[in-house]
């Protein structure tokens, strides 16, 4: 792979953004996988574990393990359904929402830096390519 296509410099810069944010120290043990689960819980608006597993394209026991971890970390809460006590809804805690917002602010800083480097036309092309790449990577989950 050509050196210019290496992700190393981009990753180092992004990690630098993350480490400069003092609030993130509190959530240093939140992995990318954990963050992904939190994002999906938010997008699904209080899903069940089965719905979360399906959206994450993982087996239910894997989703249950991650949910327990996130509950133990105080990032997720569970609530039993009033109509069916076997069903648990997943709810982001205040801390879980804070983790997502901190991640988004890091993304804003990162893409803001890219916007400084590129002119408007280049950034528009970059944004289109980024969308194409990420949407196709998401379709590859589990393969």
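Numbering (the working numbering), first residue to last: 1165 to 1307.
Even glycine gets a Cβ: it sits at the ideal position worked out from N, Cα and C.
Please read these numbers as outputs of a predicted model, since none were measured by experiment.
Select from the options the residue whose C-alpha is nearest the C-alpha of residue i.
i, options, result
"residue 1261", "1241, 1248, 1221, 1276", "1241"
"residue 1199", "1237, 1298, 1280", "1237"
"residue 1265", "1177, 1174, 1182, 1175", "1182"
"residue 1206", "1232, 1173, 1281, 1257", "1257"
"residue 1232", "1201, 1297, 1301", "1201"
"residue 1195", "1174, 1219, 1230", "1230"
"residue 1222", "1197, 1270, 1244", "1197"
"residue 1176", "1267, 1285, 1274, 1259", "1274"
"residue 1203", "1296, 1259, 1286, 1179", "1259"
What does a CB cutoff of less than 6 Å around residue i pick up in its chain, not counting 5 residues either side in sequence?
i, result
"residue 1217", "1224, 1227"
"residue 1270", "1181, 1182"
With a threshold of 16 other CB atoms inside 10 Å of the CB of residue i, please say whether the residue is buried or exposed.
i, result
"residue 1209", "exposed"
"residue 1234", "buried"
"residue 1289", "exposed"
"residue 1239", "buried"
"residue 1246", "exposed"
"residue 1174", "exposed"
Using a Cβ-Cβ cut-off of 8 Å (strictly less than) and excluding sequence neighbours within five positions of residue i, which residues of its own chain qualify?
i, result
"residue 1212", "1251, 1252, 1253, 1254"
Following the continuous beta strand (DSSP E) through residue i, name the residue where it begins and the one where it ends.
i, result
"residue 1256", "1252 to 1256"
Compare the C-beta of residue i with all C-beta atoms of chain B and state if any pair is closer than 7 Å.
i, result
"residue 1223", "This model lacks chain B altogether, as it is built from one protein chain only."
*asked:* Please give me, in chain order, every unbroken run of the alpha helix (DSSP H) with length at least 4 that falls completely inside the stretch 1180 to 1250.
replied: 1186 to 1189, 1196 to 1208, 1213 to 1220, 1224 to 1236
*Unbroken stretches of the alpha helix (DSSP H), 4 residues or longer, contained in the stretch 1258 to 1300*: 1258 to 1281
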